[in-house]
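Working notes for the structure below.
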Amino acid sequence: IEGLVVKAGSTVVLPAVMQGIPTPTPKWQSEGNELKTEGKFKIITEGNSTVLTISECVRTDSGEYGLTVANPAGSKSVALHVTVLDVPSAPVGPINILEVTPDHMIIQWRAPKDDGGTPLMNYIVEKKDVKKELTETVLAKDILVPPDVTVDVACRDLLTVRAGQIINLVTRVKGRPDPEITWTKDARALGRDKRTEMNNNFPLVELVIQEAVRADYGKYAIQAKNSSGQAQATIIVNVLDIPGACQNLKVAYVTKDSCMVSWENPEDNGGTEITNYIIECRQPSQRGWTVVSSDCTKLQTKNEGGESNWVTTAEVLVKEELVQPELKVKLAGVLVVKAGDAVPIEAELIGKPQPDVKWSKEGDTADITKSPRVQVETGTNFTKFLLTNSRRGDTGKYIITATNTAGTCSAEAKVNVLDRPGPIRDLKVSDISMDRCKLTWEIPEDDGGCDIYNYIIEKCETKRGVWSIHSAAIITNSAKVTRLIEGNEYIFRVRAENKMGAGPAVETESIVARTQFSRPGAPDAPEVTKITKDEMVVMWCSPDNDGGKPITGYILEKKEEHAIRWAPVVKSPIAGTQMTVTGLLPNHEYQFRVRAENEIGVGDASKPSRSFTLVCIYSKICFNLKVADSSKTSITLAWTKPTYDGGAPLIGYVVELRVKGTGKKGDEGWKRCNVAAQLIGTEFTVSSLDEKLEYEFRVSAQNQVGLSQPTNLGEAVTPREVLGEFP
Numbered sequence: 001i002e003g004l005v006v007k008a009g010s011t012v013v014l015p016a017v018m019q020g021i022p023t024p025t026p027k028w029q030s031e032g033n034e035l036k037t038e039g040k041f042k043i044i045t046e047g048n049s050t051v052l053t054i055s056e057c058v059r060t061d062s063g064e065y066g067l068t069v070a071n072p073a074g075s076k077s078v079a080l081h082v083t084v085l086d087v088p089s090a091p092v093g094p095i096n097i098l099e100v101t102p103d104h105m106i107i108q109w110r111a112p113k114d115d116g117g118t119p120l121m122n123y124i125v126e127k128k129d130v131k132k133e134l135t136e137t138v139l140a141k142d143i144l145v146p147p148d149v150t151v152d153v154a155c156r157d158l159l160t161v162r163a164g165q166i167i168n169l170v171t172r173v174k175g176r177p178d179p180e181i182t183w184t185k186d187a188r189a190l191g192r193d194k195r196t197e198m199n200n201n202f203p204l205v206e207l208v209i210q211e212a213v214r215a216d217y218g219k220y221a222i223q224a225k226n227s228s229g230q231a232q233a234t235i236i237v238n239v240l241d242i243p244g245a246c247q248n249l250k251v252a253y254v255t256k257d258s259c260m261v262s263w264e265n266p267e268d269n270g271g272t273e274i275t276n277y278i279i280e281c282r283q284p285s286q287r288g289w290t291v292v293s294s295d296c297t298k299l300q301t302k303n304e305g306g307e308s309n310w311v312t313t314a315e316v317l318v319k320e321e322l323v324q325p326e327l328k329v330k331l332a333g334v335l336v337v338k339a340g341d342a343v344p345i346e347a348e349l350i351g352k353p354q355p356d357v358k359w360s361k362e363g364d365t366a367d368i369t370k371s372p373r374v375q376v377e378t379g380t381n382f383t384k385f386l387l388t389n390s391r392r393g394d395t396g397k398y399i400i401t402a403t404n405t406a407g408t409c410s411a412e413a414k415v416n417v418l419d420r421p422g423p424i425r426d427l428k429v430s431d432i433s434m435d436r437c438k439l440t441w442e443i444p445e446d447d448g449g450c451d452i453y454n455y456i457i458e459k460c461e462t463k464r465g466v467w468s469i470h471s472a473a474i475i476t477n478s479a480k481v482t483r484l485i486e487g488n489e490y491i492f493r494v495r496a497e498n499k500m501g502a503g504p505a506v507e508t509e510s511i512v513a514r515t516q517f518s519r520p521g522a523p524d525a526p527e528v529t530k531i532t533k534d535e536m537v538v539m540w541c542s543p544d545n546d547g548g549k550p551i552t553g554y555i556l557e558k559k560e561e562h563a564i565r566w567a568p569v570v571k572s573p574i575a576g577t578q579m580t581v582t583g584l585l586p587n588h589e590y591q592f593r594v595r596a597e598n599e600i601g602v603g604d605a606s607k608p609s610r611s612f613t614l615v616c617i618y619s620k621i622c623f624n625l626k627v628a629d630s631s632k633t634s635i636t637l638a639w640t641k642p643t644y645d646g647g648a649p650l651i652g653y654v655v656e657l658r659v660k661g662t663g664k665k666g667d668e669g670w671k672r673c674n675v676a677a678q679l680i681g682t683e684f685t686v687s688s689l690d691e692k693l694e695y696e697f698r699v700s701a702q703n704q705v706g707l708s709q710p711t712n713l714g715e716a717v718t719p720r721e722v723l724g725e726f727p
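Heads up, the sequence shown is in the UniProt record's numbering, so the first residue is 1 and it goes up one at a time.
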């Protein structure tokens with residue numbers, strides 16, 4: 001009982017049952033003070049029970065009542081809070097008049113010091129007109145009150161007593177006129193006899209039964225009835241006594257050294273649960289009963305009330321009966337449990353003599369029953385296996401083997417313990433670029449016993465050290481990670497997830513977000529191959545390193561020799577390796593440099609070219625070009641130095657040829673003959689010619705500004721053997 005609430009004037013009965021050997025000694029206390037039988041307090045202790053009675057309760061009796069029981073083995077305490085309700089005390093005066101008008105006034109007072117144990121509901125204000133002196137005649141009449149029955153807290157709901165003790169059913173009955181009281185037990189009216197007393201001291205009404213017996217247990221009802229109505233209350237009474245004798249005692253499965261005794265529960269358990277059975281046996285020639293063995297036996301039951309009468313069997317002839325063991329597992333299919341849950345397996349067992357049962361796990365040579373997590377219980381017709389706090393490694397096939405002198409039998413039970421999946425395997429990072437990469441992995445070796453739903457990918461920027469989920473819905477064992485920042489270092493981790501949760505994460509080595517390709521290298525310094533009065537032709541070669549990606553264009557830049565800033569010649573990249581630069585100023589020195597570009601970006605600039613000046617280049621000059629010698633495969637050309645060098649020293653000559661008829665008029669079809677080295681002299685032999693073809697030749701002079709207009713040989717010639725001096 002957590003707390004007891006009663007009205008002022010009531011009688012409080014606090015019963016308690018003690019248990020212990022020897023019988024404990026009780027000690028009642030209230031607010032730290034020991035209570036004794038005096039005044040309104042009455043303490044009755046009989047055997048294992050003690051009762052504290054408080055009569056005519058008042059508000060000051062409210063508080064906590066404690067009971068401490070002790071014997072040489074120890075002590076124990078319990079407490080109960082009692083609240084006594086009463087009418088509130090008078091409000092605290094004086095009454096203050098705050099406002100007065102012709103038709104109303106406002107008054108004020110303070111709340112009472114004691115609210116009677118419950119919150120105040122309202123106040124009642126009365127007035128008296130002091131000027132009135134006339135009296136009024138009032139007719140008095142009796143007030144009829146319908147009955148009201150309240151069961152004392154000591155026996156409310158359920159009253160439990162031992163056989164031989166007193167049954168005291170206490171109620172409070174109100175009503176006007178006094179009600180007529182009727183007591184019944186199990187719907188049958190009760191009357192006074194040698195053991196039964198009925199006391200009607202209104203409002204206190206009691207039913208007292210002396211020397212309770214087991215037959216006194218049942219449902220008691222009190223009915224109060226007067227001219228205004230009726231009321232009823234019920235009380236359940238339980239009388240504890242020794243249980244009845246066991247029924248249908250039988251002996252079966254008799255062997256040379258054992259037998260099985262069976263029985264049915266007694267018809268009457270004595271009012272409480274049977275705690276155990278006492279079994280004894282003796283030889284027919286003996287009088288004394290001893291520990292259970294073979295031969296004839298007797299059986300006795302026991303509960304809190306004591307021990308029942310004995311039941312004995314007839315003499316039993318010991319004999320050996322052989323039945324081969326049989327096992328039947330009470331499990332359909334595979335037993336599936338979550339990690340941490342218990343794994344219960346039960347099997348029916350048949351066999352004579354009683355088979356020895358052994359539990360084992362397939363693939364495990366150790367004795368699993370020695371594990372602190374394993375409990376095995378085997379009875380005459382069953383065997384039970386309980387594995388607590390299961391783990392993923394407990395998944396497998398469990399084998400039960402039953403053996404006796406008649407043979408051996410085996411059965412198996414399959415168990416699947418579900419858990420989170422294991423770590424993934426062989427996590428790799430590939431296809432790293434500026435803003436993305438690819439992750440690949442192998443599925444976990446252990447899927448946790450159920451299908452993997454998806455994989456969770458997380459990334460961490462090493463300089464920040466914060467993990468974030470990239471994706472939690474990857475269903476394949478590869479994924480592309482995007483939105484990386486070029487140049488930043490990242491670590492990735494991947495974990496598998498099934499319906500039990502996510503498994504442990506596996507991390508990659510750190511990688512830097514950058515492409516495996518690069519920008520192209522720097523080309524060699526460009527050359528100016530031709531200069532006219534207002535433009536220059538600039539040529540260059542492709543860089544040795546294209547960065548792994550094709551060159552998409554070139555950026556040509558120029559600056560005057562003494563300038564600092566380079567400026568692009570054109571805004572768009574140049575597709576080829578040659579560019580005609582226009583808009584140059586005469587007599588100004590220019591330098592050029594070039595950059596290569598691929599899809600990754602623009603590479604480094606080449607070294608600057610030599611300085612070139614835009615001057616007036618000499619036009620076509622007569623070189624006196626002629627054939628100086630000839631053979632079947634070669635022709636030797638000779639010419640004279642030009643009379644005008646264009647304002648800059650000559651640095652060499654360029655000899656070109658083309659097969660007659662292969663090119664139209666102009667510069668088409670011409671092929672340079674002196675490719676390997678600069679030609680400084682005024683004579684050059686062109687070899688590896690075909691005597692069946694006619695060839696055209698021309699020669700140009702070159703200075704640091706560029707090439708002159710070419711001078712053509714007068715007519716096409718054929719290589720032939722010439723005897724003597726060439727004409």
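Even glycine gets a Cβ: it sits at the ideal position worked out from N, Cα and C.
In angstroms, rounded to a whole number, what distance separates the CA positions of I491 and K459?
Here residue 491 corresponds to residue number 491 of the sequence shown, with the count starting at 1. Here residue 459 corresponds to residue number 459 of the sequence shown, with the count starting at 1. Those two C-alpha atoms are separated by around 6 Å.
Assess, as a yes-or-no matter, whether the segment 573-586 is touched by the segment 625-639 under the definition of 3 or more beta carbon pairs within less than 8 Å.
Because the criterion of three Cβ pairs below 8 Å is not met, the segment 625-639 and the segment 573-586 do not touch.
In angstroms, rounded to a whole number, what distance separates the CA positions of G396 and I236?
Taking the first residue of the sequence shown as position 1, residue 396 is located at position 396. Taking the first residue of the sequence shown as position 1, residue 236 is located at position 236. Distance between the alpha carbons of G396 and I236: 54 Å.
What does the Cβ neighbour count give for P523, buried or exposed, with the cut at 16 atoms within 10 Å?
Taking the first residue of the sequence shown as position 1, residue 523 is located at position 523. It is buried - the Cβ of P523 has at least 16 other Cβ atoms within 10 Å.
Indicate whether L650 and W670 have their beta-carbon atoms separated by less than 9 Å.
Within the sequence shown, numbered from 1, the residue matching residue 650 stands at position 650. Within the sequence shown, numbered from 1, the residue matching residue 670 stands at position 670. Not a contact, by the Cβ cut-off of 9 Å.
Just to confirm before moving on: does the CB-CB distance between N598 and G547 stay below 9 Å?
For the purposes of this step, residue 598 is taken as the residue at position 598 of the sequence shown. For the purposes of this step, residue 547 is taken as the residue at position 547 of the sequence shown. In contact: N598 and G547 (Cβ atoms closer than 9 Å).
According to DSSP, simplified to helix, strand and coil, what is V170?
As a first step, residue 170 must be located in the sequence shown, where it is residue number 170. Reduced to three states, the DSSP call for V170 is strand.
Can you look up R214 in the DSSP assignment and give me helix, strand or coil?
Along the sequence shown, read from residue 1 onward, the residue named residue 214 stands at position 214. Here R214 sits in helix by DSSP.
Could you give the first and the last residue of the continuous beta strand (DSSP E) run that contains E527?
Position 527 of the sequence shown, counted from the start, is the residue given in the question as residue 527. Run containing E527: 527-531, per the beta strand (DSSP E) assignment.
For a test of the three-state rule: what should DSSP assign to K148, helix, strand or coil?
In the sequence shown, residue 148 corresponds to position 148, counting from 1. Checking the displayed sequence, the identity of residue 148 turns out to be Asp instead of Lys. DSSP places D148 in strand when its eight states are reduced to three.
Apply the 10 Å Cβ neighbour rule to D367 and answer buried if 16 or more other Cβ atoms are within range, or exposed otherwise.
Position 367 of the sequence shown holds residue 367. Exposed, by the Cβ-count rule.
Report buried or exposed for I167, applying the criterion of at least 16 other Cβ atoms within 10 angstroms of its Cβ.
For the purposes of this step, residue 167 is taken as residue 167 along the sequence shown, with counting starting at 1. Under this definition I167 is a buried residue.
What does the Cβ neighbour count give for Y65, buried or exposed, with the cut at 16 atoms within 10 Å?
Translated into the one-based positions of the sequence shown, residue 65 becomes position 65. It counts as buried.
Taking only heavy atoms of the ligand ADP into account, decide whether any of them is closer than 8 Å to the Cβ of G63.
This structure lacks the ligand ADP, and indeed carries no ligand of any kind.
When the Cβ atoms of the segment 631-640 are set against those of the segment 687-699, are three or more pairs found closer than 8 Å?
The segment 631-640 is in contact with the segment 687-699.
Report yes if the C-beta distance between V357 and V415 is below 9 Å; otherwise report no.
In the sequence shown, residue 357 corresponds to position 357, counting from 1. In the sequence shown, residue 415 corresponds to position 415, counting from 1. No.
Using a Cβ-Cβ cut-off of 8 Å (strictly less than) and excluding sequence neighbours within five positions of A140, which residues of its own chain qualify?
As a first step, residue 140 is located in the sequence shown; it is residue number 140 there, counting from the start. With a pLDDT of 40 at A140, under the threshold of 50, the modelled position of this residue cannot be trusted; read the value that follows with caution. Closer than 8 Å at Cβ, skipping near neighbours: no residue.
Identify every residue that forms a DSSP beta bridge with K414.
As a working mapping, residue 414 is identified with position 414 in the sequence shown. In the DSSP output, where bridge partners are listed per residue, K414 has V334, K397.
Can you check the UniProt domain "Fibronectin type-III" (423-518) for any beta strand (DSSP E) of at least 3 residues that lies completely inside it and give the ranges in chain order?
Counting only runs of 3 or more, we get 425-430, 437-442, 452-461, 466-474, 478-481, 489-498.
Are D214 and G270 touching if we call contact CB-CB under 9 Å?
Numbered from its first residue, the sequence shown carries residue 214 at position 214. Numbered from its first residue, the sequence shown carries residue 270 at position 270. Sequence inspection shows Arg at residue 214; the Asp mentioned does not correspond to that position. Against a cut-off of 9 Å, the Cβ pair of G270 and R214 comes out as a contact.
In chain order, what residues of the same chain have a beta carbon less than 7 Å from the beta carbon of C155, not counting five sequence neighbours either side?
Sequence index remark: in the sequence shown, residue 155 carries index 155 (1-based). If we look at C155 and ignore the five residues flanking it on each side, its Cβ neighbours are L169, V170, I235.
CB T50 to CB P72, shorter than 9 Å?
Counted from its first residue, the sequence shown places residue 50 at position 50. Counted from its first residue, the sequence shown places residue 72 at position 72. Not closer than 9 Å, so no.
Under a Cβ-count criterion, where at least 16 other Cβ atoms within 10 Å of its own Cβ denotes burial, should D565 be classed as buried or exposed?
Taking the first residue of the sequence shown as 1, we reach residue 565 at position 565. Residue 565 is actually Arg in this sequence, not Asp. Classification for R565: exposed.
What does the alpha-carbon distance come out to for the pair residue 735 and K352?
Any answer about residue 735 is impossible in this case: the structure gives the chain only from 1 up to 727.
Within 10 angstroms of the Cβ of M536, are there 16 or more other Cβ atoms? Answer buried if so, exposed if not.
In the sequence shown, counting from the first residue as 1, residue 536 sits at position 536. Buried: at least 16 other Cβ atoms inside 10 Å.
Measuring alpha carbon to alpha carbon, tell me which residue in T290, L707, I345, R519 is nearest P543.
As a first step, residue 543 must be located in the sequence shown, where it is residue number 543. Closest option to P543, Cα to Cα, is R519.
Mapping DSSP to helix, strand and coil, what is T184?
Your numbering for residue 184 matches position 184 in the sequence shown. T184 falls in the strand class under three-state DSSP.
Nearest-angstrom Cα distance between I485 and T515?
For the purposes of this step, residue 485 is taken as the residue at position 485 of the sequence shown. For the purposes of this step, residue 515 is taken as the residue at position 515 of the sequence shown. The alpha-carbon atoms of I485 and T515 are separated by roughly 11 Å.
My understanding is that F612 touches V528, with C-beta atoms under 8 Å, so please give their C-beta distance in whole angstroms.
Working through the sequence shown from its first residue, we reach residue 612 at position 612. Working through the sequence shown from its first residue, we reach residue 528 at position 528. Contact flag correct, Cβ pair sits at about 5 Å.
Within the UniProt domain "Fibronectin type-III" (621-721), note down every full alpha helix (DSSP H) run reaching 4 residues or more, in order along the chain.
Entirely contained in the UniProt domain "Fibronectin type-III" (621-721), not one alpha helix (DSSP H) run reaches 4 residues.
Would you decide whether V538 is buried or exposed? Buried here means 16 or more other CB atoms lie within 10 Å of its CB.
Here residue 538 corresponds to residue number 538 of the sequence shown, with the count starting at 1. Buried, since its Cβ has 16 or more Cβ neighbours within 10 Å.
Which ranges would you report for the beta strand (DSSP E) in the segment 4-40 if only whole runs of at least 3 residues count?
Entirely contained in the segment 4-40, the beta strand (DSSP E) runs reaching 3 residues are, in chain order, 12-17, 25-30.
Is it right to say E694 is buried, meaning 16 or more other beta carbons lie within 10 angstroms of its own, or is it exposed?
In the sequence shown, counting from the first residue as 1, residue 694 sits at position 694. Exposed is the call here.
Hey, how far is the Cα of I43 from the Cα of D157?
Within the sequence shown, numbered from 1, the residue matching residue 43 stands at position 43. Within the sequence shown, numbered from 1, the residue matching residue 157 stands at position 157. So the two alpha carbons sit approximately 23 Å from each other.
Buried or exposed, going by whether 16 or more other CB atoms sit within 10 Å of the CB of M579?
Taking the sequence shown and counting its residues from 1, one reaches residue 579 at position 579. Answer is buried; the Cβ neighbour count reaches 16.
Three or more beta-carbon pairs under 8 Å between the segment 442-454 and the segment 408-424, yes or no?
As far as the Cβ criterion goes, the segment 442-454 touches the segment 408-424, which means the pair count is three or higher.
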